[in-house]
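Enquirer: If you're matching them up, the sequences are chains A and B in order.
For reference, each letter of the first sequence is one residue, going 9 to 225 in the numbering used here.
For reference, each letter of the second sequence is one residue, going 598 to 705 in the numbering used here.
Handing you this structure, nothing more for now.
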Amino acid sequence: MIVAIVPAYNEGKRIAHVVATLTPVVDRVIVVDDCSYDDTAAMARAAGATVLRHHLNRGQGAALETGHAFARGIGAEYVVHFDGDGQFDATEITNALAHLQDAEADILFGSRFLRESQRMPWFKRRVLHPIARLVDRLLGAVRLSDVHNGFRILNKRALHTIHIEQDRMAHASEIPQQVRKHNLTYVEFPVTVTYHEYGQSSFAGFAIVRDLLLKRL
Amino acid sequence: MLFQILFTCFVFLAITQTVLTGKRVGMSVRGRTMWALLWAVALLIVWEPSTTDSLATQLGIGRGVDVILYSAITFLFFLIFKLHIKLSQIESQITKVVRDRALEEVTE
């Protein structure tokens with residue numbers, strides 16, 4: 009069973025479309041509504057998703073781990089991490105999954121940098137991401153071309169081995185760290201990311217480093 | 598002299614609070630004793646500032662007041678560190694409760 013886990017916070021306008029695009033390519037869509045104050049949960053449910061609702065906002069990492077716990081309970085063989093804002097292309101899941109299976113790896117990480125045509129703001133590509141890659145390597149993560157890409161596919165072994173403890177955005181660094189720690193095998197796959205007006209600010213990186221260091225105390 | 602009197606009143610209140618409120622919220626006897634002792638030492642230093650001078654000389658710092666400042670800063674940093682850890686533990690516990698409830702109430 010292939011399960012898509014979609015963490016969502018105030019994505020009422022986009023979530024129905026995201027669920028609709030996922031439904032043909034996975035067996036089950038799980039939306040984890042992280043205490044949105046709009047109608048994200050109702051829209052996702054109406055679109056056919058299974059909805060888990062956080063009664064307090066706990067962050068994207070916590071929402072993914074809630075989805076993991078549910079997926080483990082229903083015996084999922086593969087889980088796909090997919091953002092709720094519609095920035096990923098669901099049609100790429102089939103090829104990505106085939107790539108993961110062909111490589112016999114435990115986890116697949118999406119990457120914006122394996123495809124030349126990918127558009128990304130210059131500052132992010134040339135300044136923020138090289139710094140993030142360096143910090144992640146120093147903190148024990150595996151080597152990735154795109155450290156903070158939310159598109160991932162985990163097989164059953166990875167699903168049962170990786171337990172996300174970073175509630176907020178630092179989970180994106182924690183997962184590659186756990187891959188290295190537990191000797192899981194991984195591959196990267198080029199994915200398309202469509203940027204919206206909003207997203208993480210450039211200063212979010214400081215909060216991520218702070219969370220990673222605090223967790224080590 | 599006025600400062601010493603005001604500080605004594607404050608310390609008296611602080612020790613009373615430490616003993617009474619600490620007991621009510623479940624602070625250990627050891628914890629309450631440590632805080633009470635800390636306030637008592639502060640009171641001693643305020644009334645007899647020269648007591649820190651000999652300690653300062655032994656430590657090679659110079660002035661007694663500097664010993665107090667350095668110790669206070671070190672203690673405060675340690676306290677912040679402990680609070681960060683406690684806060685992080687509480688955050689994890691909140692997430693667990695929120696997650697368990699979400700899994701119980703799952704809807705199709």
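Where a beta carbon is used, it is the ideal one built from N, C-alpha and C, also for glycine.
Small disclaimer: the values here were computed from a predicted structure and weren't measured.
1) Since L152 of chain A meets chain B, which of its residues come closer than 8 Å, beta carbon to beta carbon?
2) Any chance you could list the alpha helix (DSSP H) runs of at least 4 consecutive residues sitting entirely within the stretch 46-112 of chain A, in chain order?
3) Between G92 of chain A and I23 of chain A, which are expected to be in contact by the criterion C-beta below 8 Å, what is the C-beta distance as a whole number of angstroms?
4) With contact counted as at least three CB pairs below 8 Å, one residue from each stretch, are the stretch 658-678 of chain B and the stretch 32-40 of chain A in contact?
5) Tell me where the beta strand (DSSP E) around P15 of chain A begins and ends.
6) Pull the bridge partners of R160 of chain A from the DSSP assignment, please.
7) Could you have a look at Y667 of chain B and say whether DSSP puts it in helix, strand or coil?
8) If you run the structure through DSSP and keep just helix, strand and coil, what is P184 of chain A?
9) Taking 8 Å as the cut-off, does the stretch 186-197 of chain A touch the stretch 97-114 of chain A (at least 3 CB pairs, one atom from each stretch)?
10) Looking at the structure shown, is E650 of chain B part of a helix, part of a strand, or coil, going by DSSP?
11) Kindly indicate if chain B contains any beta-carbon less than 8 Å away from that of T74 of chain A.
12) Could you tell me whether the stretch 63-78 of chain A touches the stretch 167-187 of chain A, where touching means 3 or more Cβ pairs closer than 8 Å?
13) At 7 Å on the CB atoms, spell out the chain B contacts of D175 of chain A, in chain order.
14) State buried or exposed for Q186 of chain A, treating a residue as buried only when at least 16 other CB atoms are found within 10 Å of its CB.
15) For my contact list, P198 of chain A and R123 of chain A are in at a C-beta cut-off of 8 Å; report their separation, rounded to the angstrom.
16) Please confirm whether R696 of chain B and E73 of chain A have their CB atoms less than 8 Å apart.
17) In the DSSP assignment, find the beta strand (DSSP E) that holds I38 of chain A and state where it starts and stops.
18) How many whole angstroms separate the CB atoms of W636 of chain B and I658 of chain B, which I take to be in contact at a CB cut-off of 8 Å?
19) Please list the terminal residues of the continuous alpha helix (DSSP H) segment that includes P32 of chain A.
20) Flag H62 of chain A as yes if its beta-carbon sits less than 8 Å from any beta-carbon of chain B, otherwise no.
21) When we look at the beta-carbon of L167 of chain A and count the other beta-carbons within 10 Å, is it buried (16 or more) or exposed?
22) Sort A:H63, A:A28 and A:L64 by Cα distance to R53 of chain A and report the nearest one.
23) With C-beta atoms as the reference, is I10 of chain A less than 8 Å away from V59 of chain A?
24) Check whether the Cβ atoms of L640 of chain B and V664 of chain B sit closer than 8 Å, and answer yes or no.
25) Taking the beta strand (DSSP E) that V143 of chain A belongs to, which residues open and close that run?
26) Run through chain A and tell me which residues come within less than 9 Å of L680 of chain B, C-beta to C-beta.
27) Less than 8 Å between CB atoms is the rule here; does R66 of chain A satisfy it with respect to chain B?
28) Which residues, in order along the stretch 77-102 of chain A, keep a beta-carbon less than 8 Å from a beta-carbon of chain B?
29) If the criterion is Cβ atoms closer than 8 Å, does the pair S44 of chain A and G83 of chain A meet it?
30) Within its chain, find whatever has a CB closer than 6 Å to the CB of Q95 of chain A; leave out the 5 residues flanking it on each side and keep chain order.
31) Around the C-beta of E598 of chain B, are 16 or more other C-beta atoms found within 10 angstroms, so that it is buried, or is it exposed?
32) Determine the DSSP secondary structure at V695 of chain B, reduced to helix, strand or coil.
33) Tell me the DSSP bridge mates of F197 of chain A?
Expert: Result, derived from the coordinates:
1) Counted from its first residue, the first sequence places residue 152 of chain A at position 144. The premise fails here: L152 of chain A is roughly 26 Å from chain B at the closest Cβ pair, so nothing lies under 8 Å.
2) 48-54, 68-81 and 100-111
3) Sequence index remark: in the first sequence, residue 92 of chain A carries index 84 (1-based). Sequence index remark: in the first sequence, residue 23 of chain A carries index 15 (1-based). Contact holds; Cβ gap of about 6 Å.
4) no
5) Counting from 1 along the first sequence, the entry for residue 15 of chain A is found at position 7. I10 to A16 is the span of the beta strand (DSSP E), which, as asked, contains P15 of chain A.
6) Here the question's residue 160 of chain A lines up with position 152 in the first sequence. DSSP output for R160 of chain A lists A:H89 and A:F117 as bridge partner(s).
7) In the second sequence, residue 667 of chain B corresponds to position 70, counting from 1. Helix, per DSSP.
8) Here residue 184 of chain A refers to the residue found at position 176 when the first sequence is read from its first residue. Looking at P184 of chain A - three-state DSSP - the assignment turns out to be helix.
9) yes
10) Within the second sequence, the letter at position 53 stands for residue 650 of chain B. Note that residue 650 of chain B is Asp in the sequence shown here, rather than Glu. D650 of chain B falls in the helix class under three-state DSSP.
11) On the first sequence, position 66 is the one that residue 74 of chain A refers to. Output row for T74 of chain A: interface = yes.
12) yes
13) Position 167 of the first sequence holds residue 175 of chain A. Ordered by position in chain B, the residues that pass the 7 Å Cβ test against D175 of chain A are E688 and T692.
14) Reading the first sequence from its first residue, position 178 is the one you call residue 186 of chain A. Q186 of chain A comes out buried.
15) For the purposes of this step, residue 198 of chain A is taken as the residue at position 190 of the first sequence. For the purposes of this step, residue 123 of chain A is taken as the residue at position 115 of the first sequence. Confirmed, Cβ separation roughly 4 Å.
16) Along the second sequence, one-based indexing puts residue 696 of chain B at 99. Along the first sequence, one-based indexing puts residue 73 of chain A at 65. For R696 of chain B and E73 of chain A, yes; Cβs fall inside 8 Å.
17) If you number the first sequence from 1, residue 38 of chain A lands on position 30. Its beta strand (DSSP E) spans residues R36 to D41.
18) Walking along the second sequence from the start, residue 636 of chain B turns up at place 39. Walking along the second sequence from the start, residue 658 of chain B turns up at place 61. W636 of chain B to I658 of chain B, Cβ: 23 Å. No contact.
19) Taking the first sequence and counting its residues from 1, the one referred to as residue 32 of chain A is at position 24. Where P32 of chain A is concerned, there is no enclosing alpha helix (DSSP H), given that its DSSP letter is neither H nor E.
20) The residue given as residue 62 of chain A occupies position 54 in the first sequence. Yes, its Cβ sits closer than 8 Å to a Cβ of chain B.
21) Mapped onto the first sequence, residue 167 of chain A falls at position 159. Looking at its Cβ environment, which holds 16 or more other Cβ atoms inside 10 Å, L167 of chain A is buried.
22) Here the question's residue 53 of chain A lines up with position 45 in the first sequence. Among A:H63, A:A28 and A:L64, the Cα nearest to that of R53 of chain A belongs to A:A28.
23) Taking the first residue of the first sequence as 1, we reach residue 10 of chain A at position 2. Taking the first residue of the first sequence as 1, we reach residue 59 of chain A at position 51. Taking 8 Å as the Cβ cut-off, I10 of chain A and V59 of chain A do not qualify as a contacting pair.
24) Taking the second sequence and counting its residues from 1, one reaches residue 640 of chain B at position 43. Taking the second sequence and counting its residues from 1, one reaches residue 664 of chain B at position 67. Their beta carbons are not under 8 Å apart, which means L640 of chain B does not touch V664 of chain B by this criterion.
25) One-based indexing of the first sequence puts residue 143 of chain A at position 135. Here V143 of chain A belongs to no beta strand (DSSP E); instead the alpha helix (DSSP H) covers H137 to L146.
26) For this step, residue 680 of chain B is matched to residue 83 along the second sequence. Here the premise fails: no neighbours, minimum Cβ distance about 12 Å.
27) Here residue 66 of chain A corresponds to residue number 58 of the first sequence, with the count starting at 1. It does: the Cβ of R66 of chain A has a partner Cβ on chain B nearer than 8 Å.
28) A77, F78 and G81
29) On the first sequence, position 36 is the one that residue 44 of chain A refers to. On the first sequence, position 75 is the one that residue 83 of chain A refers to. Taking 8 Å as the Cβ cut-off, S44 of chain A and G83 of chain A do not qualify as a contacting pair.
30) One-based indexing of the first sequence puts residue 95 of chain A at position 87. Closer than 6 Å at the Cβ level, and outside the excluded window around Q95 of chain A, lie V201 and T202.
31) Looking up residue 598 of chain B in the second sequence gives position 1. Checking the sequence, you will find Met at residue 598 of chain B rather than Glu. Label assigned to M598 of chain B: exposed.
32) Counted from its first residue, the second sequence places residue 695 of chain B at position 98. V695 of chain B falls in the helix class under three-state DSSP.
33) Position 189 of the first sequence, counted from the start, is the residue given in the question as residue 197 of chain A. In the DSSP output, where bridge partners are listed per residue, F197 of chain A has A:G118.
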